[in-house]
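Visitor: Handing you this structure, nothing more for now.
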């Protein structure tokens with residue numbers, strides 16, 4: 730068995746595991762999964778930036794922005810009011826930082842966005858009833 734086939738098999742197992750988590754998740758757990766995926770993609774984006782791998786930066790940035798957009802679109806402003814507005818503002822700022830031009834301060838901005846979002850993830854884990862830990 731080759732190294733590449735091992736990578737593909739591992740990736741396939743991860744995908745199956747991720748899909749099964751999503752399909753069996755309640756709404757709270759789904760947000761937990763989304764935050765974990767967001768954190769992972771931001772970590773990979775920063776790691777790619779440190780290696781100057783622009784193709785991977787764009788790949789992971791696109792995934793992170795897609796997840797962030799999904800979290801933002803799922804906000805219920807009627808039910809959550811000011812909290813939803815605050816989260817919307819934070820998500821917009823994180824998006825701005827993630828979309829920063831790749832250059833000298835890109836890693837710093839991406840890391841600051843990651844930290845902002847990690848604080849929300851930790852808070853969600855603290856309030857989500859019985860949320861699974863990812």
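Numbering (our numbering), first residue to last: 730 to 863.
The C-beta atom is built at its ideal place from N, Cα and C for all residues, glycine as well.
Since this is a predicted model, take the numbers as computed values, not measurements.
Quick one: residues in its chain with C-beta nearer than 8 angstroms to the C-beta of residue 836, no 5 flanking neighbours on either side, listed in chain order?
Guide: As a working note, residue 836 is residue 107 in the chain shown. Within the same chain, residue 836 has close Cβ partners 775, 778, 779.
Visitor: Could you give the residue range of the alpha helix (DSSP H) that holds residue 814?
Guide: Position 85 of the chain shown holds residue 814. 811 to 827 is the extent of the alpha helix (DSSP H) around residue 814.
Visitor: With distances taken Cα to Cα, identify the nearest neighbour of residue 841 among 816, 791, 798, 771.
Guide: Residue mapping note: residue 841 aligns to position 112 of the chain shown, counting from 1. Out of 816, 791, 798, 771, 771 has the C-alpha closest to the C-alpha of residue 841.
Visitor: By Cβ distance, which residues of its chain are closer than 7 angstroms to residue 783, with the 5 residues on each side in sequence left out?
Guide: Within the chain shown, the letter at position 54 stands for residue 783. Cβ within range, chain order: 831.
Visitor: Going along the chain, which residues of its own chain have a beta-carbon closer than 8 angstroms to the beta-carbon of residue 768, five neighbours each way excluded?
Guide: Stepping through the chain shown from its first residue, residue 768 is reached at position 39. Same-chain partners within the cutoff: 843, 846, 847, 850.
Visitor: Measure the C-alpha to C-alpha separation of residue 746 and residue 755 and round it to an integer number of angstroms.
Guide: As a first step, residue 746 is located in the chain shown; it is residue number 17 there, counting from the start. As a first step, residue 755 is located in the chain shown; it is residue number 26 there, counting from the start. Residue confidence is low: residue 746 scores 49 on pLDDT, short of 50, so the model does not pin down where it sits. Its coordinate-derived value is still stated next. If you take the alpha carbons of residue 746 and residue 755, they lie about 16 angstroms apart.
Visitor: Write down the C-beta distance between residue 773 and residue 787 rounded to the nearest angstrom, noting that I regard them as a contact closer than 8 angstroms.
Guide: To locate residue 773, count along the chain shown from 1; it is residue 44. To locate residue 787, count along the chain shown from 1; it is residue 58. Taking 8 angstroms as the upper bound for CB-CB distance, residue 773 and residue 787 are not in contact here, some 12 angstroms apart.
Visitor: The alpha helix (DSSP H) that contains residue 832, what's its start and end?
Guide: Here residue 832 refers to the residue found at position 103 of the chain shown. Here residue 832 belongs to no alpha helix (DSSP H), and DSSP marks it neither H nor E.
Visitor: Relative to the alpha-carbon of residue 757, which residue among 811, 810, 793, 803 has its alpha-carbon at the smallest distance?
Guide: Locating residue 757 in the chain shown gives position 28, counting from the first residue. Closest in C-alpha terms to residue 757, from the list 811, 810, 793, 803, comes 803.
Visitor: Going straight from the alpha carbon of residue 812 to that of residue 827, what length do you get?
Guide: The sequence position of residue 812 within the chain shown is 83, counting from 1. The sequence position of residue 827 within the chain shown is 98, counting from 1. Cα to Cα, the separation comes out at about 22 angstroms.
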